[in-house]
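Here is the structure we will look at.
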Amino acid sequence: MIKDDFPGKKSIALLLDPDKTSGKDLKRILQIASGSGTDYILVGGSLTFSSIDTLIESVKNQCRIPVVLFPGNLLQLSLKADAILLLSLISGRNPELLIGNHVIASPFLRDAREKLISVGYILVGCGKKTSVEYISQTEAIPSDKTELVVATAMAGEMLGLKMIYLEAGSGAFHPVPAGIITAVRENVSVPIAVGGGIKTRGEIAAAFKAGANLVILGNGCEKNPGLLEEACAERDSARQAI
Ligand code: 1GP
4 MIKDDFPGKK SIALLLDPDK TSGKDLKRIL QIASGSGTDY ILVGGSLTFS
54 SIDTLIESVK NQCRIPVVLF PGNLLQLSLK ADAILLLSLI SGRNPELLIG
104 NHVIASPFLR DAREKLISVG YILVGCGKKT SVEYISQTEA IPSDKTELVV
154 ATAMAGEMLG LKMIYLEAGS GAFHPVPAGI ITAVRENVSV PIAVGGGIKT
204 RGEIAAAFKA GANLVILGNG CEKNPGLLEE ACAERDSARQ AI
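To get the numbering used here, take the position in the sequence shown, counting from 1, and add 3.
Laid out in structure tokens, this is it:
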């Protein structure tokens, strides 16, 4: 059960958006992911036109990397994934994303309880308004308000959430600053995932060094699939450094 050790050690996840990945492109990126030792495939997006189920099935047919559902909304719920991130958008004050959707989803998810990983999802404003802010109708925490991010993460951990996800938003101008990751790492003990706007090997190294357990890559790998190999090399160095 991947939930038991997700993400137990420094790990890399490739985020696939069903609208952007299919056919030959999917085959190619999955070959690179398998070859480089990518730990997880995340599937999801703020708004998707294509089927999540179809993408999960294609990924599972083509590789053995565990698939983790990263649902952007209730329409993206699927029981086909190996694990499901049960996200609470704790940086926002939209009640539907704090509890409302969870109530609606709970009968559907009841039989998948062993796959659920409860996550405190925190949006950090990194340069421009992102789709996730618009769709969620919430405001990101400004990136110069480290203390607000830390207090939010602490509250999430105290509420029993099992992971904190620091999100700059897909295609963010810059990733979540290393100083924020470090400050959160010093104040919570649950694993920290970091994603959004990560495009270079240096940014991946900086996120691991600052205390990220899981680094999530999306657009950066679509544009430059070689980034995945560099990311896994950085992950290996980060594991050795521990
Ligand atoms: C996952 O939203 C991110 O947390 C993915 O962002 O597409 O910018 O890598 P990118």
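Here a beta-carbon is modelled for each residue, glycine too, at the ideal position from N, C-alpha and C. The model shown is predicted, which means the values in this text are computed figures rather than measured ones.
1) Indicate whether GLU237 and ARG204 have their beta-carbon atoms separated by less than 8 Å.
2) Considering only residues of the same chain and omitting the five flanking positions on each side of ASN190, which have a CB-CB separation below 6 Å?
3) Taking the alpha-carbon positions, what's the HIS177 to SER139 distance?
4) So does the region 90-97 actually touch the region 133-149, counting three or more Cβ pairs closer than 8 Å?
5) Is GLU2 near the ligand 1GP, with its Cβ less than 7 Å from a heavy atom?
6) Is LEU220 close to the ligand 1GP? I mean its beta-carbon at under 7 Å from any heavy atom of the ligand.
7) Would GLY182 and THR149 be called neighbours here (beta carbons separated by less than 8 Å)?
8) Here's the rule: buried if 16 or more other CB atoms are within 10 angstroms of the residue's CB, otherwise exposed. What is ASN216?
9) Which residue spans inside the region 133-200 form an unbroken beta strand (DSSP E) run of at least 3?
10) So, for ILE32: in the same chain, excluding its five sequence neighbours on each side, which residues have a beta-carbon less than 6 Å away from its beta-carbon?
11) Do LEU169 and VAL193 have their beta-carbon atoms positioned less than 8 Å apart in this structure?
12) Using a Cβ-Cβ cutoff of less than 7 Å, which residues in the same chain neighbour ASN222 once the five nearest sequence positions on both sides are dropped?
13) Can you tell me the Cα-Cα spacing of GLN34 and CYS66, whole angstroms?
14) Within the continuous alpha helix (DSSP H) that includes GLY103, where are the two ends?
15) Might you give, ordered along the chain, the residues of its own chain that have their beta carbon closer than 7 Å to the beta carbon of LYS83, omitting 5 neighbours on each side?
16) Among ASP239, GLY130, GLU225, which has the Cα closest to the Cα of LYS27?
Working from what's here:
1) Counted from its first residue, the sequence shown places residue 237 at position 234. Counted from its first residue, the sequence shown places residue 204 at position 201. In this structure, ARG204 lies closer than 8 Å to GLU237 by Cβ.
2) Indexing the sequence shown from 1 puts residue 190 at position 187. Taken in chain order, the residues that qualify are VAL153, MET157.
3) For the purposes of this step, residue 177 is taken as the residue at position 174 of the sequence shown. For the purposes of this step, residue 139 is taken as the residue at position 136 of the sequence shown. Taking the straight line from one Cα to the other gives about 20 Å.
4) In short, these stretches touch, since the Cβ pair count reaches three.
5) An answer regarding residue 2 cannot be provided, because it is not within the stretch 4 to 245 covered by the chain.
6) In the sequence shown, residue 220 corresponds to position 217, counting from 1. Yes, the ligand 1GP has a heavy atom inside 7 Å of this Cβ.
7) Counting from one through the sequence shown, the residue named residue 182 turns up at place 179. Counting from one through the sequence shown, the residue named residue 149 turns up at place 146. Yes, the pair counts as a contact, with Cβ atoms nearer than the cut-off.
8) Here residue 216 refers to the residue found at position 213 when the sequence shown is read from its first residue. Buried, by the Cβ-count rule.
9) Fully enclosed beta strand (DSSP E) runs of 3 or longer: 166-170, 195-198.
10) Within the sequence shown, residue 32 is the residue found at index 29, counting from 1. Cβ neighbours of ILE32 beyond the five flanking positions: PRO228.
11) What you label residue 193 is simply residue 190 of the sequence shown in a count that begins at 1. What you label residue 169 is simply residue 166 of the sequence shown in a count that begins at 1. No, they are not a contact pair.
12) On the sequence shown, residue 222 is found 219 positions in, with the first residue counted as 1. Counting only Cβ-Cβ distances below 7 Å, and skipping sequence neighbours, we find SER173, GLY174.
13) Your numbering for residue 34 matches position 31 in the sequence shown. Your numbering for residue 66 matches position 63 in the sequence shown. Using only the alpha carbons, I get a separation of about 8 Å.
14) Within the sequence shown, numbered from 1, the residue matching residue 103 stands at position 100. DSSP places GLY103 outside any alpha helix (DSSP H), giving it a letter other than H or E.
15) Stepping through the sequence shown from its first residue, residue 83 is reached at position 80. Once the five neighbours on either side are set aside, the close Cβ partners of LYS83 are ASP56, ILE59, GLU60.
16) Within the sequence shown, the letter at position 24 stands for residue 27. It is GLU225.
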